[in-house]
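K.L.:
Number of protein chains: 2
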Amino acid sequence: MAFGYVGSMRARPGHRAEVVAILLEAADQIASAGCSLYVVGVSETDPDLIVVSEIWQSREHHAASLRLPETRAAIERAMPMLTGEFTGQELSLVGGLGVPATLS
Amino acid sequence: MAFGYVGSMRARPGHRAEVVAILLEAADQIASAGCSLYVVGVSETDPDLIVVSEIWQSREHHAASLRLPETRAAIERAMPMLTGEFTGQELSLVGGLGVPATLS
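Right, dumping it as structure tokens:
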């Protein structure tokens with residue numbers, strides 16, 4: 001079953017745009033790693049909050065992507081700009097509207 | 001800017017599948033209301049948790065959808081099967097991979 005992940009992270013004040021830029025660069029690289037959706041959003045009322053919603057072919061694809069050198073390099077660049085406050089929710093996807101075809 | 005919403009809800013024990021079915025029925029109806037993505041996921045480790053990630057043309061489209069008779073009917077059907085524990089995060093979408101074309 002397709003794997004979903006919804007995660008949030010908190011940037012240090014003034015650094016959210018830089019972190020978002022790193023996340024968007026990463027988005028270009030992960031399609032080939034089994035990611036079919038990677039949506040980056042920011043809160044308008046909480047100026048440091050970033051939320052990412054992801055769909056992967058499987059939990060294993062997601063886990064393997066975190067070990068890729070380019071992913072590790074991106075994480076290393078972003079970490080000093082983050083407070084360390086993360087949330088994450090792993091999900092089994094059951095369907096919906098506009099879900100990429102790789103899900104079915 | 002496109003509007004994102006990530007929300008969670010908790011079903012009463014034994015009722016998650018029924019709530020998911022109601023959410024998936026709703027997914028068929030909301031494309032015409034300005035929704036381009038509506039992904040329903042469930043936790044494998046928390047048997048009552050449901051998470052929905054949504055992309056709308058605008059915050060106003062999302063708000064208007066909640067006033068539609070079919071949405072209100074679906075909410076009314078689901079509510080008795082929910083504990084009342086909700087979370088929700090409104091987002092401005094900044095980009096990513098696999099994001100529906102209506103975003104750009």
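Those protein sequences? They're chains A and B, same order as listed. So the first sequence is numbered by the working numbering: it starts at 1 and just counts up by one. So the second sequence is numbered by the working numbering: it starts at 1 and just counts up by one. Beta carbons are placed, not taken as given, at the ideal position from N, Cα and C, and that holds for glycine.
With which residues is B:Gly14 paired in a DSSP beta bridge?
P.N.:
Here residue 14 of chain B refers to the residue found at position 14 when the second sequence is read from its first residue. Its beta-bridge partners do not exist; DSSP assigns none.
K.L.:
I believe A:Leu49 touches A:Arg10 by the beta-carbon criterion, under 8 Å. Please report the beta-carbon distance rounded to the nearest angstrom.
P.N.:
Taking the first residue of the first sequence as position 1, residue 49 of chain A is located at position 49. Taking the first residue of the first sequence as position 1, residue 10 of chain A is located at position 10. Contact between A:Leu49 and A:Arg10 holds: their C-beta atoms lie close to 6 Å from each other, under 8 Å.
K.L.:
Of all Cβ atoms in chain A, is any one closer than 8 Å to the Cβ of B:Ala33?
P.N.:
For the purposes of this step, residue 33 of chain B is identified with residue 33 of the second sequence, where counting begins at 1. With 8 Å as the cut-off, B:Ala33 does not count as an interface residue toward chain A.
K.L.:
Any Cβ of chain B within less than 8 Å of the Cβ of A:Leu68?
P.N.:
Counted from its first residue, the first sequence places residue 68 of chain A at position 68. No, A:Leu68 lies away from the interface with chain B (no Cβ there is under 8 Å from its Cβ).
K.L.:
Is A:Glu54 close to the ligand ADP? I mean its beta-carbon at under 7 Å from any heavy atom of the ligand.
P.N.:
This structure lacks the ligand ADP, and indeed carries no ligand of any kind.
K.L.:
Please name the residue, chosen from A:Gln57, A:Leu91, A:Leu93 and A:Val20, that lies closest to A:Pro47 on a Cα-to-Cα basis.
P.N.:
To locate residue 47 of chain A, count along the first sequence from 1; it is residue 47. The option with the nearest alpha carbon to A:Pro47 is A:Val20.
K.L.:
Helix, strand or coil for A:Gln57, going by three-state DSSP, please let me know.
P.N.:
Counted from its first residue, the first sequence places residue 57 of chain A at position 57. Coil at A:Gln57, not helix or strand.
K.L.:
Kindly list, in the order they appear in chain B, the residues whose Cβ is closer than 8 Å to that of A:Ser65.
P.N.:
In the first sequence, counting from the first residue as 1, residue 65 of chain A sits at position 65. The premise fails here: A:Ser65 is roughly 12 Å from chain B at the closest Cβ pair, so nothing lies under 8 Å.
K.L.:
Could you pull the DSSP bridge partners for A:Gly88 from this structure?
P.N.:
For this step, residue 88 of chain A is matched to residue 88 along the first sequence. A:Gly88 pairs with A:Gly7.
K.L.:
Count the other CB atoms within 10 Å of the CB of A:Phe3; is the residue buried (16 or more) or exposed (fewer)?
P.N.:
What you label residue 3 of chain A is simply residue 3 of the first sequence in a count that begins at 1. Answer is buried; the Cβ neighbour count reaches 16.
K.L.:
Rounded to the nearest angstrom, what separates B:Leu66 and B:Gly84 at their Cα positions?
P.N.:
Here residue 66 of chain B is taken as the residue at index 66 of the second sequence, counted from 1. Here residue 84 of chain B is taken as the residue at index 84 of the second sequence, counted from 1. Distance between the alpha carbons of B:Leu66 and B:Gly84: 17 Å.
K.L.:
Of all the CB atoms in chain A, is at least one closer than 8 Å to the CB of B:Ile30?
P.N.:
The residue you call residue 30 of chain B lines up with position 30 of the second sequence. Closer than 8 Å: yes.
K.L.:
Closest by CA to B:Gln57, which one among B:Pro69, B:Val40, B:Ser32 and B:Thr71?
P.N.:
As a working mapping, residue 57 of chain B is identified with position 57 in the second sequence. Checked all of B:Pro69, B:Val40, B:Ser32 and B:Thr71; the closest Cα to B:Gln57 is B:Ser32.
K.L.:
Let me know the secondary structure DSSP gives B:Val19 once reduced to three states.
P.N.:
Within the second sequence, the letter at position 19 stands for residue 19 of chain B. Helix.
K.L.:
Around the Cβ of A:Gly41, are there at least 16 other Cβ atoms within 10 angstroms (buried) or fewer (exposed)?
P.N.:
Counting from 1 along the first sequence, the entry for residue 41 of chain A is found at position 41. Buried.
K.L.:
Just reading off the beta strand (DSSP E) that A:Gly98 is part of, what are its end residues?
P.N.:
Along the first sequence, one-based indexing puts residue 98 of chain A at 98. Unbroken run through A:Gly98: none, as it is neither H nor E.
K.L.:
Ignore the nearest five residues each way along the sequence and tell me which others in A:Ser104's own chain have a CB closer than 6 Å to its CB.
P.N.:
For the purposes of this step, residue 104 of chain A is identified with residue 104 of the first sequence, where counting begins at 1. Confidence is the limiting factor: at A:Ser104 the pLDDT is only 44, short of 50, which leaves the residue's position unreliable, though a coordinate-based value still follows. The answer is none, since no qualifying residue turns up.
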